RNA sequence: GCGCCCGUAGCUCAGCUGGAUAGAGCGUCUGACUACGAAUCAGAAGGCCAGGUGUUCGAAUCACCUCGGGCGCACCA
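Residue numbers (the numbering used here): 137 to 805.
Dropping the structure here:
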């Protein structure tokens, strides 16, 4: 709601500046004043104009305030400080509009109908998901929700690297360490006593030791990888069996956190459908990659580093100099990940001239279908949606892969696809690491050196990490204890449902409250907390407001929120809103109206934490309000309805905010 | 060696398209529950915003340098 006021002010002031001073194309800044005493919209524009007009800011501000004339919805304009122009809203008017407005979506001017692809999760299908993967998925999923909130059409992809080294390693484990046949692995997968992804987690760590013991065993990896890539042999079948089972496990894990996908493109299909050959030809034709005939990359097709030609002349012989070139095709003829990623990225923009086949992989409870790429035409009677062909692509990948992501974009540019390159966005974020204390909790021995560090990296290879499902289980167990304490009369099933919602709320908020470039040093105490700045704190604020309405409906069965909202549209609420005495309630209402502004900001800055922080601040203000006002015992019926309306507005804004974070609201807490 | 990120209260972090008194949570200490259920609230203590120089009417925020920490720079992904 607030953003429409902003928009109106922006238009009006721009127009005024043009007429009055002949100033155009000024980047007009609007601020939200730090306190309601300073009004609701602040313009620091006079500071910027001071130089141009050679007058003190205060004088300019005064002039604008006096001559701009009345603005719709604005009560008064006051100059403050060194030259701020502060606008004060007509509170009751704004309140009436807000009472009846939809807060769960943003009504905005027409948006581009172009599709946006968000790729996230992308976990190697060879072991269970860990805490680092959860950060990726939570960020990606919340970003998707934000884009949809702003009216964008979004396609969510989860890329499956089912023919990579990591899958090969686990296959080596099955074939050469535990010596299990394909059938035996299949029954392991079906065994309800075995959590297959956890089993692979341990096996994968064993494979690392296996190689360390005897490095000649690395030839097994190469051989296995080659078989998997080629397909149509027992090893590749085993690889496919394992990868598919692990993908199912990942889908289930993510579903626990309310994360869904539209499509899972697989690397094997990129290979079999010869996406790479197509991209390879394009790259060759455009001279984007060259075949090296000498040097250490002899026999490889490489993409030249931007400055490599000049750098080469300098001291490239010293040990510490690094190669600027990136190998795309190895001397043995196989393609690196980057090469395949260039082909995939081209497909996402609809620039490859090839397409996948598709088959249904999973149907979610709400009927939404998760599709998987395929190398063969599908047998589903229902045609698949049209995938790919986006205008804008976000790749949610941690910052350690920035270099690779740049190469991919560089590839697009070399092919002349500048628009696609400009709209290929690496949604980069910092890793989740483990605090030394956390390692101690996990019973991991750290070297004396590592103990001194602020954090240590998660390592799937070493089996060092917090498994996602284990963490979720732990959170649910803890939440369940609290629920049992408070709601012992509820049926067990209902208790568990609430515990799950609280656990997920806690975890998702924990993963989202940090800004992108902050390393999360994972700590059990912080992740398992339900008090203070946490998801459950916000959920609790909503539950409290729902309790008020539930209780009120018991007293007055005829009561309905719709009726209340309609009445409030016409209610003279000024006496409850105007004046300094009502600043606190007004501040709460104003804050509740700002979700649109904050979510726009969150998308523009690619920072879901903005919404997380907002939701928390709003919940905080609400809890304060809740303590100060006893609503149901309120004797004045008009005032009571007004207070109920405030609760409703805040509740709707909080629910919408939580939904952007992928957090549900429990019935009771 | 080169590149990127981080350095704000005891701890974990917001604030960074320059702006109105630097914020929150945790922890510590004081207080507040007879059902709109305290997973809450109120209050207190706690900061040369790593350091330096510059730009500006104005710098936690921008530029440059220094110091600390992390991550990249594979024919792994």
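We put the CB at the ideal spot given by N, CA and C, even for glycine. This structure is a prediction, so every number in the text was calculated from the model and none was measured.
Pairwise C-alpha distance: residue j and residue i
{"i": "residue 278", "j": "residue 798", "result": "6 Å"}
{"i": "residue 588", "j": "residue 664", "result": "24 Å"}
{"i": "residue 741", "j": "residue 260", "result": "28 Å"}
{"i": "residue 509", "j": "residue 524", "result": "12 Å"}
{"i": "residue 521", "j": "residue 655", "result": "38 Å"}
{"i": "residue 202", "j": "residue 590", "result": "57 Å"}
{"i": "residue 454", "j": "residue 462", "result": "Reliability of the predicted coordinates at residue 454 is poor, the pLDDT of 39 falling under 50, and no value is obtained from them."}
{"i": "residue 389", "j": "residue 171", "result": "43 Å"}
{"i": "residue 207", "j": "residue 703", "result": "26 Å"}
{"i": "residue 226", "j": "residue 212", "result": "8 Å"}
{"i": "residue 541", "j": "residue 562", "result": "7 Å"}
{"i": "residue 639", "j": "residue 138", "result": "32 Å"}
{"i": "residue 148", "j": "residue 488", "result": "46 Å"}
{"i": "residue 427", "j": "residue 352", "result": "30 Å"}
{"i": "residue 770", "j": "residue 691", "result": "13 Å"}
{"i": "residue 767", "j": "residue 757", "result": "16 Å"}
{"i": "residue 693", "j": "residue 804", "result": "20 Å"}
{"i": "residue 530", "j": "residue 709", "result": "45 Å"}
{"i": "residue 791", "j": "residue 392", "result": "19 Å"}
{"i": "residue 707", "j": "residue 231", "result": "10 Å"}
{"i": "residue 515", "j": "residue 497", "result": "12 Å"}
{"i": "residue 189", "j": "residue 200", "result": "13 Å"}
Residue burial classification, residue i (beta-carbon count within 10 angstroms, cutoff 16)
{"i": "residue 649", "result": "buried"}
{"i": "residue 503", "result": "exposed"}
{"i": "residue 696", "result": "exposed"}
{"i": "residue 499", "result": "exposed"}
{"i": "residue 314", "result": "exposed"}
{"i": "residue 429", "result": "exposed"}
{"i": "residue 560", "result": "buried"}
{"i": "residue 744", "result": "buried"}
{"i": "residue 355", "result": "exposed"}
{"i": "residue 424", "result": "buried"}
{"i": "residue 175", "result": "buried"}
Sequence-distant residues of its chain with Cβ nearer than 8 Å to residue i (five each side left out)
{"i": "residue 183", "result": "193, 218, 219"}
{"i": "residue 701", "result": "235, 236, 781, 784"}
{"i": "residue 422", "result": "550, 551, 552"}
{"i": "residue 410", "result": "490"}
Residue range of the unbroken beta strand (DSSP E) whose run includes residue i
{"i": "residue 424", "result": "Neither: residue 424 is in no beta strand (DSSP E) and is coded neither H nor E."}
{"i": "residue 405", "result": "It is not in any beta strand (DSSP E) - residue 405 instead sits in the alpha helix (DSSP H) that spans 403-408."}
{"i": "residue 805", "result": "No beta strand (DSSP E) holds residue 805; DSSP gives it neither H nor E."}
{"i": "residue 531", "result": "528-534"}
{"i": "residue 251", "result": "251-255"}
{"i": "residue 178", "result": "177-179"}
{"i": "residue 194", "result": "From DSSP, residue 194 is part of no beta strand (DSSP E) but of the alpha helix (DSSP H) over 193-203."}
{"i": "residue 775", "result": "Unbroken run through residue 775 is the alpha helix (DSSP H), 773-796; no beta strand (DSSP E)."}
Sequence-distant residues of the same chain with beta carbon closer than 7 Å to residue i, five excluded per side
{"i": "residue 637", "result": "800, 802"}
{"i": "residue 405", "result": "492, 509, 510, 511"}
{"i": "residue 153", "result": "159, 162"}
{"i": "residue 746", "result": "734, 737, 738"}
{"i": "residue 796", "result": "278, 281, 282, 285, 735, 747"}
{"i": "residue 474", "result": "462, 464, 540, 543, 544"}
Enclosing alpha helix (DSSP H) for residue i [first to last residue]
{"i": "residue 478", "result": "473-484"}
{"i": "residue 635", "result": "628-648"}
{"i": "residue 222", "result": "No alpha helix (DSSP H) contains residue 222, which is instead part of the beta strand (DSSP E) from 220-225."}
{"i": "residue 690", "result": "671-691"}
{"i": "residue 125", "result": "Nothing can be reported for residue 125, as the shown portion of the chain is limited to 137 through 805."}
{"i": "residue 470", "result": "No alpha helix (DSSP H) holds residue 470; DSSP gives it neither H nor E."}
Chain-order list of residues whose beta-carbon lies under 6 Å from that of residue i (same chain, five-residue window excluded)
{"i": "residue 319", "result": "none"}
{"i": "residue 178", "result": "167, 169, 220, 222"}
{"i": "residue 258", "result": "295"}
heavy atom of the ligand FMN below 8 Å from residue i C-beta
{"i": "residue 204", "result": "Within the structure as shown, the ligand FMN is missing, as the structure has no ligands at all."}
Spell out a yes or no on whether the stretch 282-293 and the stretch 253-273 are touching, meaning 3 or more CB-CB pairs, one atom from each, closer than 8 Å.
Enough Cβ pairs lie closer than 8 Å, so yes.
So, does the stretch 338-347 touch the stretch 611-625, judging by three or more C-beta pairs under 8 Å?
no
Evaluate contact between the stretch 679-693 and the stretch 758-772, counting only Cβ atoms and requiring at least three cross-stretch pairs below 8 Å.
yes
Taking contact to mean 3 or more Cβ pairs, one atom from each stretch, closer than 8 Å, check whether the stretch 711-724 and the stretch 639-649 are in contact.
no
Please confirm if the stretch 267-281 is in contact with the stretch 562-576, defined as three or more CB-CB distances below 8 Å between the two stretches.
yes
If you pair each beta-carbon of the stretch 394-406 with each one of the stretch 490-506, do three or more pairs fall below 8 Å?
yes
Below 8 Å, how does it come out for the stretch 665-677 and the stretch 745-758: are there three or more Cβ pairs, yes or no?
yes
Indicate whether the contact test is met: 3 or more Cβ pairs, each with one atom in the stretch 431-440 and one in the stretch 464-472, closer than 8 Å.
Judged by Cβ distances under 8 Å, the stretch 431-440 makes contact with the stretch 464-472, as three or more pairs qualify.
Do three or more CB pairs link the stretch 622-635 to the stretch 544-564 at distances below 8 Å?
no
Under 8 Å, with one C-beta from each stretch per pair, do the stretch 470-485 and the stretch 405-421 reach the 3-pair mark?
yes
For the stretch 359-375 and the stretch 329-338, state whether three or more C-beta atom pairs, one from each stretch, are separated by less than 8 Å.
no
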